[in-house]
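Peer 1: Protein chains in written order, with our numbering: chain S, 4 to 296; chain Z, 4 to 296.
Built from N, CA and C at the ideal position, the CB exists for glycine as well.
To start, I am sharing the structure in question, which I have written as structure tokens.
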């Protein structure tokens, strides 16, 4: 399945905002800004910023706040890829078909580029163009989703520690929901807050985001088994090689696929009350489940 | 010179707040929370939180907001030490007389513990008990001071790139002001904001913080030449061994000492208008210049 047509429009908004928010390649010290830009502009699909933009669109035609928040989410996503790829972690040489940040700039610079992007994310969030109360809620939401207790770093640690061990369904659920689903959920919640959503709408979108975020990771695990490195733009089959805890390893491919579909249906139901207005969010959810890369 | 007597009182406030804000050692996944706590509780003097508390005290008797912001500053300071000590960067085995985080927990966990602390810092700042407008200003101030353009990460990059090269006074000024002074300045500014200071007071305190932050790094460079590893609790003489850009290397010890004293005097003048109320801030400035560790 190719990406929905409106992705191109959203991606253009995000690319322009990323270009504006990232220090230029000549800003001193140049090397770190080159490394940050290299990884941010390495060809990501901008799923999280698009989710942020489209969640905001449900409630407002104003895109500026959601675009800025979306860039911060992309900075956090990119920092996590840079650090995950490091020799001490996944030790990956290839990301989106290009040398990883540390292969190109060295390990020290890759560590610092990740640190710089994470810091810039919060500097960026602090200037999202919504009232200060909402800005603080967006920051809390995203920081928690990126953190160690129920967020991305916690999921990454649990994932590393699960390597080669027997992990039950509850352990796997913690890994998936923290490592991937949390930041995807936060993208949706941040977008709805930037768009001015009410409390009830925010909670509905949160459940939608949680379901598609979880489904996204299940599909990622399936793709790692089924697709080639060339198609993925990263080393395929690494999960099995590293004895990672995955849905396919625990339940098999067919059950994993059924579970992803069930999560997608769950997500879809949360959007019922928005009717046609939620067509784009539905299209993203559909795309995330049936994608091949 | 021993530390000012009131440090003990402030340190107790900060230790209690750190204990409350850090996830417990048994919070899943336990390893990362153990690593984060290991480094945060490794015996730091809490200079940045104390500066934050004492800047707030000039304007308010309420300590809660400044204590919380102070903890976030300590998380950022600790993350920077963990990442700086990594094999790919300074490759240090010893910090405050104890094994560094990666020696104790491994490189992967040290990278992630640093990431976790940086993220937790912003989660913590988002809940500082002041109005949302001030919270956002505190976040902006600290994120900028920790960032790549004129903040801590930028200074660290410039420092690494200067190794073994000829650095002029302007290059050295950038390194010192970004690597160390920025976060110390932000500690003072955050404290004044948490204490409810007006715009003019915040700017005065900003200049005070800039001067003592810069002096702090000059003194650090002097101590690296003069003191033993045992006294410092870290490897001494590393600057020269690594051909680092330092004030003593560029100007000699005596001129460096005179410059630190000049900066201290500059800082002191900014406090004139506060009279006796600023006695504690003056005592901290004095302590930072004449300390031996």
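1) Tell me whether the beta-carbon of residue 155 of chain Z lies closer than 8 Å to the beta-carbon of residue 42 of chain Z.
2) For chain S, is any of its Cβ atoms less than 8 Å away from the one on residue 81 of chain Z?
3) Note down, in chain order, all residues in the region 34-59 of chain Z with a beta-carbon under 8 Å from any beta-carbon belonging to chain S.
4) For residue 278 of chain S, decide whether its Cβ has a neighbour in chain Z, counting only Cβ atoms nearer than 8 Å.
5) Taking residue 206 of chain Z as the reference, give the member of Z/191, Z/226, Z/15, Z/151 with the closest Cα.
6) If you count every other CB in all the chains shown that lies within 10 Å of the CB of residue 225 of chain Z, and 16 or more means buried, which is it?
7) Would you call the CB atoms of residue 1 of chain Z and residue 179 of chain Z closer than 8 Å?
8) Three Cβ pairs or more, each shorter than 8 Å: is that satisfied between the region 251-262 of chain Z and the region 29-40 of chain Z?
9) Where does the unbroken alpha helix (DSSP H) through residue 107 of chain S begin, and where does it stop?
10) Of all Cβ atoms in chain Z, is any one closer than 8 Å to the Cβ of residue 69 of chain S?
11) Closer than 7 Å, Cβ to any Cβ of chain S: which residues of the region 152-164 of chain Z, in chain order?
12) Looking at the C-beta of residue 293 of chain S, does it have a partner C-beta in chain Z at a distance below 8 Å?
13) Residue 3 of chain S touches chain Z at which residues, Cβ-Cβ below 7 Å?
14) Along chain Z, in chain order, which residues have C-beta atoms closer than 8 Å to that of residue 76 of chain S?
15) Taking 7 Å as the limit between beta carbons, can you name the residues of its chain near residue 112 of chain S, skipping five residues before and five after?
16) State the DSSP-derived secondary structure class of residue 115 of chain Z, mapped to helix, strand or coil.
17) Could you pull out every unbroken alpha helix (DSSP H) segment of at least 4 residues lying fully inside the region 32-103 of chain S, listed in chain order?
18) Please state the DSSP three-state secondary structure of residue 241 of chain Z.
19) Hey, residue 272 of chain Z and residue 292 of chain Z are a contact pair by Cβ (cut 8 Å); roughly how many whole angstroms apart?
20) Count the other C-beta atoms from every protein chain shown that fall within 10 angstroms of the C-beta of residue 77 of chain Z, then say buried if there are 16 or more, exposed otherwise.
21) What's the gap between the Cα of residue 250 of chain S and the Cα of residue 184 of chain S?
22) Whose C-alpha, out of Z/201, Z/151, Z/157, is nearest the C-alpha of residue 137 of chain Z?
23) Residues of chain S with CB under 8 Å from residue 86 of chain Z, in chain order?
24) Buried or exposed, going by whether 16 or more other CB atoms sit within 10 Å of the CB of residue 275 of chain S?
25) From residue 96 of chain Z to residue 269 of chain S, what distance separates their C-alpha atoms?
26) By how many angstroms is the C-alpha of residue 13 of chain S removed from the C-alpha of residue 53 of chain S?
27) Spell out whether any CB of chain Z is found under 8 Å from the CB atom of residue 166 of chain S.
28) Around the Cβ of residue 58 of chain Z, are there at least 16 other Cβ atoms within 10 angstroms (buried) or fewer (exposed)?
29) To the nearest angstrom, report how far apart residue 86 of chain S and residue 294 of chain S are at their CA atoms.
30) From the beta carbon of residue 130 of chain S, is the nearest beta carbon of chain Z less than 8 Å away?
31) Using DSSP with H/G/I as helix, E/B as strand and the rest coil, what is residue 134 of chain S?
32) Please look up how many angstroms separate the CB atoms of residue 286 of chain Z and residue 7 of chain Z, rounded, as I've assumed it's under 8 Å.
33) Report the rounded CA-to-CA distance for residue 159 of chain Z versus residue 284 of chain S, giving the unit in angstroms.
34) Taking the straight line between their C-alpha atoms, what separation do you get for residue 146 of chain S and residue 131 of chain S?
35) Identify whether residue 6 of chain S lies in helix, strand or coil by the three-state DSSP scheme.
36) In angstroms with no decimal places, state the Cα-to-Cα distance between residue 216 of chain S and residue 186 of chain S.
Peer 2: According to the data block:
1) Within the second chain, numbered from 1, the residue matching residue 155 of chain Z stands at position 152. Within the second chain, numbered from 1, the residue matching residue 42 of chain Z stands at position 39. Cβ distance not < 8 Å, so residue 155 of chain Z and residue 42 of chain Z don't count as in contact.
2) As a working mapping, residue 81 of chain Z is identified with position 78 in the second chain. With 8 Å as the cut-off, residue 81 of chain Z does not count as an interface residue toward chain S.
3) 34, 35, 36, 39
4) As a working note, residue 278 of chain S is residue 275 in the first chain. No, its Cβ sits nowhere closer than 8 Å to a Cβ of chain Z.
5) Looking up residue 206 of chain Z in the second chain gives position 203. Residue Z/191 is the option with its Cα nearest to residue 206 of chain Z.
6) The residue given as residue 225 of chain Z occupies position 222 in the second chain. Buried is the call here.
7) No statement about residue 1 of chain Z is possible, as the shown extent of chain Z runs from 4 to 296 and does not include it.
8) no
9) Numbered from its first residue, the first chain carries residue 107 of chain S at position 104. From DSSP, the alpha helix (DSSP H) with residue 107 of chain S extends over 104-108.
10) Locating residue 69 of chain S in the first chain gives position 66, where the first residue counts as 1. No - not a single Cβ of chain Z is within 8 Å of the one on residue 69 of chain S.
11) 152, 156, 157, 159, 160, 161, 163, 164
12) As a working note, residue 293 of chain S is residue 290 in the first chain. For residue 293 of chain S, the answer is no, since every Cβ of chain Z falls outside 8 Å of its Cβ.
13) Nothing about residue 3 of chain S can be reported from this structure: the residues present for chain S run from 4 to 296 only.
14) The sequence position of residue 76 of chain S within the first chain is 73, counting from 1. Going along chain Z, no residue has its Cβ under 8 Å from residue 76 of chain S, so there is no contact; the nearest lies around 13 Å.
15) Numbered from 1 along the first chain, position 109 holds the residue referred to as residue 112 of chain S. If we look at residue 112 of chain S and ignore the five residues flanking it on each side, its Cβ neighbours are 34, 35, 38.
16) Residue numbering aside, residue 115 of chain Z sits at position 112 when the second chain is read from its first letter. Three-state result, residue 115 of chain Z: helix.
17) 33-43, 50-60, 67-88
18) One-based indexing of the second chain puts residue 241 of chain Z at position 238. Three-state result, residue 241 of chain Z: helix.
19) Residue mapping note: residue 272 of chain Z aligns to position 269 of the second chain, counting from 1. Residue mapping note: residue 292 of chain Z aligns to position 289 of the second chain, counting from 1. Contact doesn't hold; Cβ gap of about 15 Å is too wide.
20) As a working mapping, residue 77 of chain Z is identified with position 74 in the second chain. That one is buried.
21) Taking the first residue of the first chain as 1, we reach residue 250 of chain S at position 247. Taking the first residue of the first chain as 1, we reach residue 184 of chain S at position 181. Distance between the alpha carbons of residue 250 of chain S and residue 184 of chain S: 14 Å.
22) Here the question's residue 137 of chain Z lines up with position 134 in the second chain. The candidate whose alpha carbon is nearest that of residue 137 of chain Z is Z/201.
23) Along the second chain, one-based indexing puts residue 86 of chain Z at 83. Per Cβ cutoff of 8 Å: 114, 115, 118.
24) Residue mapping note: residue 275 of chain S aligns to position 272 of the first chain, counting from 1. By the neighbour-count rule (16 or more Cβ atoms within 10 Å), residue 275 of chain S is not buried but exposed.
25) Counting from 1 along the second chain, the entry for residue 96 of chain Z is found at position 93. Counting from 1 along the first chain, the entry for residue 269 of chain S is found at position 266. The alpha-carbon atoms of residue 96 of chain Z and residue 269 of chain S are separated by roughly 50 Å.
26) What you label residue 53 of chain S is simply residue 50 of the first chain in a count that begins at 1. What you label residue 13 of chain S is simply residue 10 of the first chain in a count that begins at 1. Taking the straight line from one Cα to the other gives about 6 Å.
27) Taking the first chain and counting its residues from 1, one reaches residue 166 of chain S at position 163. No, its Cβ sits nowhere closer than 8 Å to a Cβ of chain Z.
28) By 1-based counting over the second chain, the position of residue 58 of chain Z is 55. Answer is buried; the Cβ neighbour count reaches 16.
29) Locating residue 86 of chain S in the first chain gives position 83, where the first residue counts as 1. Locating residue 294 of chain S in the first chain gives position 291, where the first residue counts as 1. Spanning the two alpha carbons is a distance of roughly 25 Å.
30) Reading the first chain from its first residue, position 127 is the one you call residue 130 of chain S. Yes, because at least one Cβ of chain Z sits closer than 8 Å to the Cβ of residue 130 of chain S.
31) Counting from one through the first chain, the residue named residue 134 of chain S turns up at place 131. DSSP places residue 134 of chain S in coil when its eight states are reduced to three.
32) Numbered from 1 along the second chain, position 283 holds the residue referred to as residue 286 of chain Z. Numbered from 1 along the second chain, position 4 holds the residue referred to as residue 7 of chain Z. About 4 Å separates the two Cβ atoms, so the contact holds.
33) As a first step, residue 159 of chain Z is located in the second chain; it is residue number 156 there, counting from the start. As a first step, residue 284 of chain S is located in the first chain; it is residue number 281 there, counting from the start. The straight-line gap from Cα to Cα measures roughly 42 Å.
34) Residue mapping note: residue 146 of chain S aligns to position 143 of the first chain, counting from 1. Residue mapping note: residue 131 of chain S aligns to position 128 of the first chain, counting from 1. Rounded to whole angstroms, residue 146 of chain S to residue 131 of chain S spans 15 Å at the Cα level.
35) Counting from 1 along the first chain, the entry for residue 6 of chain S is found at position 3. DSSP places residue 6 of chain S in coil when its eight states are reduced to three.
36) One-based indexing of the first chain puts residue 216 of chain S at position 213. One-based indexing of the first chain puts residue 186 of chain S at position 183. Between residue 216 of chain S and residue 186 of chain S, the C-alpha separation is close to 8 Å.
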